[in-house]
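*Asks:* If you use the numbering used here, the sequence shown corresponds to residues 12 to 1032, in order. Sending over a structure as structure tokens; questions will come in a sec.
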Amino acid sequence: MDLLFSWSLFLTLLLSASVADSVHGGNETDRLALLSFKAQITGDHFGILNLWNESIHFCQWVGVTCGRRHPTRVIVLNLDGRELVGPVSPHIGNLSFLKELSLVNNSFSHEIPPQLGRLKRLREIWMDNNSFTGEIPTNISGCSNLIMLILPQNRLSGKIPVELGSLSKLETLSIYDNHLVGGIPSTFGNLSSLIIFNAVGNRIGGSIPYALGKLKKLEVLEVGANRLVGTIPSSIFNISSLTDFRAVSNQLQGMLPSELGNTLPNLQIIEVGMNLFTGSLPISLSNATKLYYIGFILNNFTGKVPYLEKLNNLERLHLGKNHLGSGEADDLSFLNSLTNATHLTYLAVSSNNFGGLLPNTISNFSTDLRILDISGTNIVGSIPTGIGNLVNLQLLGLADNHLTGQIPSYIGKLQNLEILNLFGNKFYGNIPLSIGNLTRLTTLLLYENNLHGSIPSSLGKCQKLVHLRLQQNNLIGTIPREVMSLSSILRLQISRNNLTGSLPMEIGILKNLEELYVSENMLSSKIPNSLGSCVKLRVLNMEGNKFSGTLPQSLSNLRGMEEIDISHNNFSGQIPDYFENFHFLHKLNLSFNDFEGVVPQRGIYGNATVISVKGNNKLCGGIAELELQSCNSKGYRKKRSSLTMNLIISISCGFLGLSLMLCFFYRTSFRRRTNVSSFNLLRNSFLKLSYQSLLKATDGFSPANLIGVGGFGSVYRGILDHGRKVVAIKVLNLHFAGASKSFIAECKALKNIKHRNLVKVLTACSSIDYQGNDFKALVYEFMVNGSLEEWLHWNENEHEVRNESKSLILQRLNIAIDVASALDYLHHYSTEPIVHCDLKPNNVLLDEEMVGHVADFGLARFLRDATSTSSVDQSSSIGIRGSVGYAAPEYGMGNEVSTSGDVYSYGILVLEMFTAKRPTYSMFIDGMTLHNFAKTALAEQVERIVDPTLLQQTEQGEASSSINSGQSQSFIRSHMIREILISILNVGIVCSEELPRDRPVMNEVLTRLHVCKKTLVRDGR
């Protein structure tokens, strides 16, 4: 009986324990550890941790998996791509049954908790693409069953722990793109199971440990973009399992072993470019038959390139910028062996010492070939006749050689060609008409040859052409109008030929033109007025021609000019004073013309080192350094008296004409007054316009005048005031939901604000169209340089180096300051604080002086009082809070608009301006954002994120300046620009932080940017 009672009691207690487990969620330790993890999270974009509650068992929480043998113990915690923000709780170390921890693509920060070292069962740690800081915990060595340790793309610092060498089961160790220093621990030679080791993109120094050669299972060894020195240990070349060896961009030296291809039979990738290697390339390389990528660029390799006939899988061969070859006839014979590489897509052997003929066998290369670059190799001969077989070629580079003969017409078969680079050879004859078949061509470089004949008009079919350089040939005839109709052209260089005729009127079509070189030809006639439409022009060189007449007033539109050389022509008339206001102009050569009158003294005219007016004998005045005659001398007094009389007559006629026009305008206005129906929430003094007048101003809202399409309507270019005033007319599409509210919101906002960096509104029109439908429009001041979006991304495929990086950086910085000034005014100094709510490059417009103006207040909101950052005047609520990629993340969670939301948008805009990457680019997926992209690489790898145009220009500018100022000053200047770029990008990063409380206010932003500008201007002198 007692035994029966005891058994019943035991069952009762067991049942009670089961009930308690069900009530409290199973294992209490794991549940509390997960709740502690949740408590540390400060940002949860998708709200997934809200589902971690008592309504369901914790083993069913999102991202949590419990075991089969132990159904109440957590074995997997996978929260990949959940956009979580905050530190990882140390209580995660209490999940003692955990086998896999995966936190990929989030924004976890602070240190990796050392408590992970308690988890003896842990097999996989995935933490890539977060913001972890601090050192890699040495305690992780306590995870004795660890197989995968994945920590790349964070901000980890310090040395790689030597203790990790005890993880005998570790198969993958990935720590690339961090800030790690020190060396690679020799204890890693004990990682007998290691298959993959990737430490690319850190600051790791020292030499590669010899002990790594003991890793007989190692397949991937990637240590590029570090600070490694010394030679590669011979033991590395005995790891027969190795498939991928990359050590690019270090300071490694020595020679590659001659038996490399025999000892590494499984090698697929070898990349050791940008180091200090010497000696010849291993003859045995062809025995590594699995190779598909060979990268030896920028070393000091010498000797002949071995035959590679066994590399049938070869896809990429990059041997450029070495000392290969000896100038002998058979130097390029190795190319014959590449006909077996049926998948070859990339072949670059430029900048070496090859000699001999260009082999005809290149015509037999794989039709998959995309890149063929044999520039700068001293080869001779002609272009093989069969090159037209390479139908998928995108780049053909044969420049800077000794090639002769004519450019073959069958080059027109390469219809996928984007870059054709043949400059610096001895080609003669005509430019083939078939080049017009290359409709994808963006860059055509034929300069410094002996080409004859005229520029073919068939080039007009190359509608994507960006760079056309034909200078230093013997071309004759006129400049084809078809070429001057290519609106895509950025750089046009046709100097030092024998061209005749005038500069075609069509040049005004070249809206993207930045550089125009037509010097040393026989061009004549006047400069066409249409040149003033090329508002992006930076360099104008017309020196050494026969141009005549006065300089047109339309040139005053070219406020972005940096260099002007119109010397040695026959220009006459007075020197225009509008050059005084060209703030970026640093070279003005007007010498040896027939200019007359007084030389101004303001602006660029006040600096004798950057202006030349010599050879104009009728000029007077100017600053003393120009050494011109005084305008008070006898000859000039007589001439000035004549000019004064002419001026009096002109002014009298002008007053008479003005009086007649005013009378006509008054009568016309009086007749139309009864027909005007307008709506004006703005100032009563604004001009009132009707639907009819706007219809006429836009030529019936013609598509030819359409300059943009927005969320609620379209923007047209219009002409008012009898052709005297160009305006931008925003016509609302009232069929769109919210369009009317947008109209009212914009009118209300613009009524209360006035600032030099806000777009100027002229009037608002609310009328009826001819079909009886409501019609609403806003009329703005026209911005000749379009939007910041157009200016930044006018050509996504631009790769060529531009000049004068400092001025371009300053130009972008000035625009960033303009936008910040506008937001600072809206947030702190307008009658009521205003939140723009839709700041993006499309809504920043650039005037003729490249000054930025914030536009489009259709989503603007008023804050209720000057101290609030979240309360909003809901009467203007439209429900949309910005554009994808630029809208603050808190808006997506239903938060009210605030000034900090504008700050976030501004931060993204700054990052876009200086990285040339939109926040919506396809690369920003799986949790990667423009903010994270910039933040990850800012301090140590700024070159990887900055717009290449800025850095390339810096390198080019410093290379030229070093000739005059010395290498040390060149280095200091380059370092200064780099630091300024880091400071500017840091402004973008801090403004676009995830949490509103982490963002600065706009007046703080302005202060930082002005410091950057002051440094740039001061050190740029």
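Even glycine gets a Cβ: it sits at the ideal position worked out from N, Cα and C. Model, not experiment: these values are computed from the prediction.
Can you tell me whether DSSP reads Trp802 as helix, strand or coil?
*Replies:* It is helical.
*Asks:* Determine the direct distance from the alpha carbon of His1021 to that of Glu1044, and round the result to whole angstroms.
*Replies:* Nothing about residue 1044 can be read from this structure; the chain reaches only from 12 to 1032.
*Asks:* Give a yes or no on whether 8 Å exceeds the smallest Cβ distance from Ala871 to chain D.
*Replies:* Within the model displayed, chain D is absent; a lone protein chain is all it includes.
*Asks:* Between Asn592 and Leu510, what straight-line distance do the alpha-carbon atoms span, to the nearest angstrom?
*Replies:* Answer to the nearest angstrom: the Cα atoms are 33 Å apart.
*Asks:* Does the Cβ of Val895 have 16 or more other Cβ atoms within 10 Å, making it buried, or fewer, making it exposed?
*Replies:* By the 10 Å Cβ count, Val895 comes out exposed.
*Asks:* Residues in its own chain within less than 6 Å of Pro419 by CB, not counting five upstream and five downstream?
*Replies:* Hits under 6 Å: Ile394.
*Asks:* How would you call His942, buried or exposed, if buried means at least 16 neighbouring beta carbons within 10 angstroms?
*Replies:* Label assigned to His942: buried.
*Asks:* Sorted by chain position, which residues of the same chain lie with C-beta nearer than 6 Å to Ser185's C-beta, five sequence neighbours on each side aside?
*Replies:* Answer for Ser185: Ile161, Pro163 and Asn209, listed in chain order.
*Asks:* If you draw a straight line from the C-alpha of Leu920 to the C-alpha of Leu229, how long is it?
*Replies:* Each residue's alpha carbon lies about 44 Å from the other.
*Asks:* Between which two residues does the alpha helix (DSSP H) containing Phe582 stretch?
*Replies:* Element bounds for Phe582: not the alpha helix (DSSP H) but the beta strand (DSSP E), Asn581 to Gln585.
*Asks:* On the three-state DSSP scale, how would you describe Arg1019?
*Replies:* Helix.
*Asks:* Is Thr931 buried or exposed, if buried means 16 or more other CB atoms sit within 10 Å of its CB?
*Replies:* Counting Cβ neighbours within 10 Å, Thr931 comes out exposed, since fewer than 16 surround it.
*Asks:* Which word fits Leu1027, buried or exposed, when buried means at least 16 other C-beta atoms lie within 10 angstroms of its C-beta?
*Replies:* So Leu1027 ends up on the buried side.
*Asks:* Determine the direct distance from the alpha carbon of Leu127 to that of Pro101, and round the result to whole angstroms.
*Replies:* For Pro101 and Leu127, the distance between alpha carbons rounds to 8 Å.
*Asks:* If you reduce the DSSP assignment to three classes, tell me which class Pro1007 lands in.
*Replies:* Three-state DSSP puts Pro1007 in a helix.
*Asks:* Ignore the nearest five residues each way along the sequence and tell me which others in Glu282's own chain have a CB closer than 6 Å to its CB.
*Replies:* Excluding positions up to five away in sequence, the list reads Arg257, Val259 and Gly306.
*Asks:* State the start and end residues of the unbroken alpha helix (DSSP H) segment that holds Thr388.
*Replies:* Note, Thr388: premise wrong, no alpha helix (DSSP H); not H, not E.
*Asks:* Considering only the alpha carbon of each residue, which of Leu191, Phe108 and Ser725 lies closest to Asn156?
*Replies:* Nearest C-alpha to Asn156: Phe108.
*Asks:* Counting only runs of 3+ residues fully inside the stretch 47-135, write out the beta strand (DSSP E) ranges in chain order.
*Replies:* Whole beta strand (DSSP E) segments, 3+ residues: 75-77, 85-89, 95-98, 111-113 and 118-122.
*Asks:* Helix, strand or coil: how does DSSP classify Tyr917 here?
*Replies:* DSSP places Tyr917 in helix when its eight states are reduced to three.
*Asks:* The beta strand (DSSP E) with Arg327 in it runs from where to where?
*Replies:* Per DSSP, Arg327 belongs to the beta strand (DSSP E) from Arg327 to His329.
*Asks:* Helix, strand or coil for Ala775 per DSSP?
*Replies:* Ala775 falls in the strand class under three-state DSSP.
*Asks:* Please go through the same chain and pick out, in chain order, the residues whose beta-carbon is closer than 8 Å to the beta-carbon of Thr450, but skip the five residues on each side of it.
*Replies:* Closer than 8 Å at Cβ, skipping near neighbours: Gln426, Lys472, Cys473, Gln474 and Lys475.
*Asks:* What span of residues does the alpha helix (DSSP H) with Ile956 cover, start to end?
*Replies:* Run containing Ile956: Val953 to Ile956, per the alpha helix (DSSP H) assignment.
*Asks:* Is the distance from the Cβ of Met516 to the Cβ of Ser541 below 8 Å?
*Replies:* Taking 8 Å as the Cβ cut-off, Met516 and Ser541 qualify as a contacting pair.
*Asks:* From Phe248, Gly903 and Gly560, pick the residue whose C-alpha is nearest to that of Leu1006; which is it?
*Replies:* Minimum Cα distance to Leu1006 is reached at Gly903.
*Asks:* Does the separation of the CB atoms of Leu705 and Cys776 fall below 8 Å?
*Replies:* Yes, they are a contact pair.
*Asks:* Just to check my reading of the structure: Asn310 and Asn333 have Cβ atoms closer than 8 Å, yes? What is that Cβ distance to the nearest angstrom?
*Replies:* Contact flag correct, Cβ pair sits at about 5 Å.
*Asks:* Does the beta-carbon of Pro611 have 16 or more other beta-carbons within 10 angstroms, so that it is buried, or is it exposed?
*Replies:* Classification for Pro611: buried.
*Asks:* Once the 5 residues before and after Asp588 are set aside, which same chain residues still bring their CB inside 7 Å of it?
*Replies:* For Asp588, where only same-chain residues beyond five positions count, the Cβ hits under 7 Å are Pro611.
*Asks:* Measure the beta-carbon distance from Gly632 to Cys642 and round it to whole angstroms, keeping in mind my assumption that it falls under 8 Å.
*Replies:* Indeed, because the Cβ distance is near 5 Å, the residues count as touching under 8 Å.
*Asks:* Pick out whichever of Val795, Gly440, Asn448 and Val477 has its Cα sitting closest to the Cα of Gly464.
*Replies:* Looking at the Cα atoms, Gly440 is the closest of the given residues.
*Asks:* CB-CB under 6 Å to Val790, same chain, minus the five flanking residues each way: which ones, in chain order?
*Replies:* Here the set comprises Val738, Ile740, Leu773 and Thr774.
*Asks:* From Phe754, Leu106, Ser47 and Val99, pick the residue whose C-alpha is nearest to that of Ile86; which is it?
*Replies:* Ranking Phe754, Leu106, Ser47 and Val99 by Cα distance to Ile86 puts Leu106 first.
*Asks:* Determine the extent of the alpha helix (DSSP H) in which Val830 is found, giving its start and end residues.
*Replies:* Taken as a continuous stretch (DSSP letters only), the alpha helix (DSSP H) holding Val830 covers Ser816 to His839.
*Asks:* Does DSSP put Lys736 in a helix, a strand or coil?
*Replies:* Three-state DSSP puts Lys736 in a strand.
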